[in-house]
Amino acid sequence: MKVRVLVVEDDVRAAEAHSTYVGRVDGFEVAGVAHSAAEAARFLDSDRAVDLVLLDMHLPDGHGLGLLRNLRAGGHVCDVIAVTSARDTEVVRRAVAQGVVLYLLKPFTFATFRAKLEQYAAYRDRLAAAPAEVVQDEVDQMFGSLRVSTSGSELPKGMSSETLREVAGCLRGAPAGLSASEVATVVGASRVTVRRYLEHLADTGSVTRTARYGGGGRPEVEYRWR
196 MKVRVLVVED
206 DVRAAEAHST
216 YVGRVDGFEV
226 AGVAHSAAEA
236 ARFLDSDRAV
246 DLVLLDMHLP
256 DGHGLGLLRN
266 LRAGGHVCDV
276 IAVTSARDTE
286 VVRRAVAQGV
296 VLYLLKPFTF
306 ATFRAKLEQY
316 AAYRDRLAAA
326 PAEVVQDEVD
336 QMFGSLRVST
346 SGSELPKGMS
356 SETLREVAGC
366 LRGAPAGLSA
376 SEVATVVGAS
386 RVTVRRYLEH
396 LADTGSVTRT
406 ARYGGGGRPE
416 VEYRWR
(Lines of atoms letter the chains of each structure in order from A and count residues from 1; the text may use other names and numbers.)
(Lines give C-alpha, C1' and ligand atoms only; values in the text may rest on other atoms or scores of the structure.)
Protein backbone atom coordinates (compact mmCIF):
# COMPACT_ATOMS: atom_id res chain seq x y z
CA MET A 1 0.00 0.00 0.00
CA LYS A 2 1.42 3.35 -1.03
CA VAL A 3 2.13 6.24 1.32
CA ARG A 4 -0.40 9.00 0.61
CA VAL A 5 1.24 12.43 0.60
CA LEU A 6 -0.26 15.91 0.95
CA VAL A 7 1.98 18.63 -0.51
CA VAL A 8 1.54 21.96 1.31
CA GLU A 9 3.36 24.65 -0.65
CA ASP A 10 2.23 28.16 -1.58
CA ASP A 11 4.43 28.49 -4.66
CA VAL A 12 2.57 26.84 -7.53
CA ARG A 13 5.69 25.84 -9.48
CA ALA A 14 7.37 24.43 -6.38
CA ALA A 15 4.21 22.51 -5.49
CA GLU A 16 4.13 20.99 -8.97
CA ALA A 17 7.81 20.04 -8.72
CA HIS A 18 7.37 18.41 -5.30
CA SER A 19 4.32 16.50 -6.53
CA THR A 20 6.29 15.26 -9.54
CA TYR A 21 9.12 14.18 -7.24
CA VAL A 22 6.70 12.26 -5.00
CA GLY A 23 5.39 10.39 -8.02
CA ARG A 24 8.91 9.34 -8.97
CA VAL A 25 9.62 7.63 -5.63
CA ASP A 26 8.41 4.04 -5.37
CA GLY A 27 5.81 3.47 -2.69
CA PHE A 28 4.51 7.06 -2.58
CA GLU A 29 1.59 8.82 -4.22
CA VAL A 30 0.20 12.36 -4.10
CA ALA A 31 -3.07 12.56 -2.19
CA GLY A 32 -3.48 16.26 -2.80
CA VAL A 33 -1.90 19.71 -3.00
CA ALA A 34 -2.67 22.70 -0.78
CA HIS A 35 -1.38 26.23 -1.31
CA SER A 36 -2.32 27.64 2.11
CA ALA A 37 -2.78 26.58 5.72
CA ALA A 38 -6.56 26.87 5.44
CA GLU A 39 -6.64 24.74 2.29
CA ALA A 40 -4.45 22.10 3.95
CA ALA A 41 -6.66 22.00 7.04
CA ARG A 42 -9.79 21.59 4.91
CA PHE A 43 -8.21 18.79 2.92
CA LEU A 44 -7.12 16.88 6.02
CA ASP A 45 -10.52 17.34 7.63
CA SER A 46 -12.16 15.77 4.59
CA ASP A 47 -9.52 13.06 3.97
CA ARG A 48 -7.89 11.51 7.01
CA ALA A 49 -6.20 8.84 4.89
CA VAL A 50 -3.17 11.11 4.39
CA ASP A 51 -0.05 9.44 5.81
CA LEU A 52 2.54 12.16 5.25
CA VAL A 53 2.50 15.94 4.87
CA LEU A 54 5.29 17.78 3.05
CA LEU A 55 5.01 21.11 4.85
CA ASP A 56 6.37 24.48 3.80
CA MET A 57 6.86 26.88 6.71
CA HIS A 58 6.11 30.13 4.88
CA LEU A 59 2.42 30.06 3.96
CA PRO A 60 0.33 33.08 2.89
CA ASP A 61 -2.12 32.74 5.79
CA GLY A 62 0.20 31.67 8.60
CA HIS A 63 3.30 29.79 9.63
CA GLY A 64 3.58 26.08 8.90
CA LEU A 65 4.17 25.35 12.58
CA GLY A 66 0.89 27.06 13.43
CA LEU A 67 -0.88 24.77 10.97
CA LEU A 68 0.87 21.76 12.50
CA ARG A 69 -0.14 22.79 16.01
CA ASN A 70 -3.79 23.11 14.93
CA LEU A 71 -3.68 19.74 13.15
CA ARG A 72 -2.39 17.99 16.25
CA ALA A 73 -5.05 19.70 18.38
CA GLY A 74 -7.65 18.43 15.91
CA GLY A 75 -6.47 14.84 16.27
CA HIS A 76 -4.50 14.47 13.04
CA VAL A 77 -1.62 12.03 13.55
CA CYS A 78 -0.14 12.07 10.04
CA ASP A 79 3.63 12.39 9.88
CA VAL A 80 5.23 15.62 8.69
CA ILE A 81 8.40 16.37 6.76
CA ALA A 82 9.30 20.05 6.63
CA VAL A 83 10.22 21.11 3.08
CA THR A 84 11.21 24.72 3.48
CA SER A 85 13.78 27.48 3.12
CA ALA A 86 13.42 28.34 6.83
CA ARG A 87 16.94 28.03 8.24
CA ASP A 88 16.40 29.62 11.67
CA THR A 89 17.59 27.37 14.46
CA GLU A 90 14.53 28.28 16.52
CA VAL A 91 12.21 27.12 13.75
CA VAL A 92 14.10 23.82 13.54
CA ARG A 93 13.85 23.41 17.34
CA ARG A 94 10.11 24.08 17.34
CA ALA A 95 9.60 21.77 14.36
CA VAL A 96 11.26 18.90 16.24
CA ALA A 97 9.25 19.71 19.37
CA GLN A 98 6.02 19.49 17.37
CA GLY A 99 6.86 16.12 15.86
CA VAL A 100 8.36 16.91 12.46
CA VAL A 101 10.15 13.68 11.53
CA LEU A 102 12.56 15.09 8.89
CA TYR A 103 13.66 18.55 7.76
CA LEU A 104 14.54 19.23 4.11
CA LEU A 105 16.03 22.61 3.18
CA LYS A 106 15.32 24.27 -0.15
CA PRO A 107 16.76 24.25 -2.72
CA PHE A 108 17.50 20.57 -3.12
CA THR A 109 18.03 17.99 -5.81
CA PHE A 110 15.72 15.09 -6.56
CA ALA A 111 18.36 12.72 -5.15
CA THR A 112 18.22 14.50 -1.78
CA PHE A 113 14.41 14.53 -1.83
CA ARG A 114 14.28 10.83 -2.66
CA ALA A 115 16.77 10.04 0.13
CA LYS A 116 14.50 11.72 2.70
CA LEU A 117 11.43 9.82 1.51
CA GLU A 118 13.38 6.57 1.52
CA GLN A 119 14.46 7.24 5.12
CA TYR A 120 10.82 7.76 6.02
CA ALA A 121 9.80 4.59 4.16
CA ALA A 122 12.43 2.59 6.06
CA TYR A 123 10.99 3.90 9.33
CA ARG A 124 7.47 2.86 8.33
CA ASP A 125 8.68 -0.59 7.30
CA ARG A 126 10.34 -1.12 10.68
CA LEU A 127 7.24 0.16 12.43
CA ALA A 128 4.96 -2.18 10.49
CA ALA A 129 7.19 -5.18 11.20
CA ALA A 130 7.48 -4.50 14.92
CA PRO A 131 5.44 -6.48 17.48
CA ALA A 132 2.73 -4.85 19.57
CA GLU A 133 5.26 -4.34 22.37
CA VAL A 134 8.87 -3.50 21.55
CA VAL A 135 12.19 -3.75 23.33
CA GLN A 136 14.76 -0.94 23.43
CA ASP A 137 16.77 -2.23 20.49
CA GLU A 138 13.69 -2.25 18.25
CA VAL A 139 12.82 1.31 19.26
CA ASP A 140 16.39 2.39 18.53
CA GLN A 141 16.21 0.82 15.08
CA MET A 142 12.96 2.65 14.27
CA PHE A 143 14.34 6.03 15.27
CA GLY A 144 17.66 5.19 13.63
CA SER A 145 15.91 4.83 10.28
CA LEU A 146 14.98 8.51 10.48
CA ARG A 147 18.39 9.63 11.64
CA VAL A 148 20.59 8.04 9.00
CA SER A 149 22.89 10.72 7.60
CA THR A 150 22.61 11.29 3.86
CA SER A 151 25.47 13.80 3.73
CA GLY A 152 27.89 11.24 2.39
CA SER A 153 25.73 10.60 -0.66
CA GLU A 154 25.00 14.31 -1.23
CA LEU A 155 28.59 15.58 -1.16
CA PRO A 156 31.18 14.54 -3.72
CA LYS A 157 34.18 12.63 -2.44
CA GLY A 158 36.73 14.80 -0.66
CA MET A 159 34.27 17.56 0.29
CA SER A 160 33.35 18.30 3.89
CA SER A 161 30.04 19.61 5.23
CA GLU A 162 31.92 22.08 7.46
CA THR A 163 33.70 23.78 4.56
CA LEU A 164 30.51 23.74 2.51
CA ARG A 165 28.72 25.49 5.38
CA GLU A 166 31.43 28.18 5.53
CA VAL A 167 31.32 28.81 1.79
CA ALA A 168 27.52 28.92 1.75
CA GLY A 169 27.46 31.24 4.77
CA CYS A 170 29.88 33.61 3.06
CA LEU A 171 27.62 33.90 0.01
CA ARG A 172 24.40 34.19 2.03
CA GLY A 173 25.83 37.13 3.96
CA ALA A 174 27.22 38.95 0.92
CA PRO A 175 25.26 41.95 -0.44
CA ALA A 176 26.48 41.14 -3.97
CA GLY A 177 27.90 38.24 -5.94
CA LEU A 178 31.40 37.02 -5.13
CA SER A 179 34.14 35.34 -7.12
CA ALA A 180 35.92 32.19 -5.99
CA SER A 181 38.98 34.27 -5.06
CA GLU A 182 36.91 36.60 -2.90
CA VAL A 183 35.21 33.73 -1.08
CA ALA A 184 38.57 32.01 -0.61
CA THR A 185 39.93 35.11 1.12
CA VAL A 186 37.01 35.16 3.55
CA VAL A 187 37.00 31.46 4.48
CA GLY A 188 40.78 31.04 4.42
CA ALA A 189 40.99 28.28 1.82
CA SER A 190 42.57 28.03 -1.60
CA ARG A 191 40.76 29.37 -4.65
CA VAL A 192 40.77 25.94 -6.28
CA THR A 193 39.16 24.32 -3.22
CA VAL A 194 36.55 27.05 -2.82
CA ARG A 195 35.67 26.96 -6.51
CA ARG A 196 34.88 23.26 -6.21
CA TYR A 197 32.40 23.97 -3.41
CA LEU A 198 30.89 26.89 -5.30
CA GLU A 199 30.38 24.73 -8.38
CA HIS A 200 28.70 22.09 -6.24
CA LEU A 201 26.33 24.72 -4.80
CA ALA A 202 25.59 25.93 -8.32
CA ASP A 203 24.95 22.41 -9.61
CA THR A 204 22.48 21.76 -6.78
CA GLY A 205 20.64 25.03 -7.40
CA SER A 206 21.70 26.95 -4.27
CA VAL A 207 23.64 29.64 -6.13
CA THR A 208 23.62 31.21 -9.58
CA ARG A 209 26.64 31.77 -11.84
CA THR A 210 27.14 34.92 -13.88
CA ALA A 211 30.11 36.35 -15.78
CA ARG A 212 31.80 39.38 -14.24
CA TYR A 213 33.50 41.58 -16.84
CA GLY A 214 36.20 44.11 -16.05
CA GLY A 215 39.81 44.81 -16.85
CA GLY A 216 41.58 43.36 -19.84
CA GLY A 217 41.67 39.69 -18.85
CA ARG A 218 39.17 36.88 -19.02
CA PRO A 219 35.86 37.47 -17.22
CA GLU A 220 35.53 35.98 -13.74
CA VAL A 221 32.66 33.77 -12.67
CA GLU A 222 30.56 35.44 -10.00
CA TYR A 223 28.45 33.39 -7.59
CA ARG A 224 25.34 34.71 -5.91
CA TRP A 225 23.08 33.03 -3.31
CA ARG A 226 19.56 32.51 -4.63
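In terms of our numbering, the sequence shown opens at residue 196 and continues consecutively. Where a beta carbon is used, it is the ideal one built from N, C-alpha and C, also for glycine.
Val402 and Val389 do not touch by the CB rule: their CB atoms are close to 12 Å apart, not below 8 Å. The alpha-carbon of Arg309 is positioned some 8 Å away from that of Tyr216. Apart from sequence neighbours up to five positions away, no residue of its chain approaches Ala209 with a beta-carbon distance below 7 Å. Between Glu328 and Gly339, the alpha-carbon positions lie close to 18 Å from each other. The C-beta distance from Trp420 to Arg386 rounds to 19 Å, too long to meet the 8 Å contact threshold. Distance from Arg282 to Leu300 at the Cβ level is roughly 7 Å; contact confirmed, criterion being Cβ atoms closer than 8 Å. Three or more beta-carbon pairs separated by less than 8 Å are not found between the stretch 264-279 and the stretch 216-226, which leaves the two stretches without contact. Distances from the alpha-carbon of Met252 to those of Asp206, Arg319, Arg407, Ala316 put Asp206 closest. Remark: C-beta atoms of Ala363 and Leu312 do not approach each other more closely than 8 Å.
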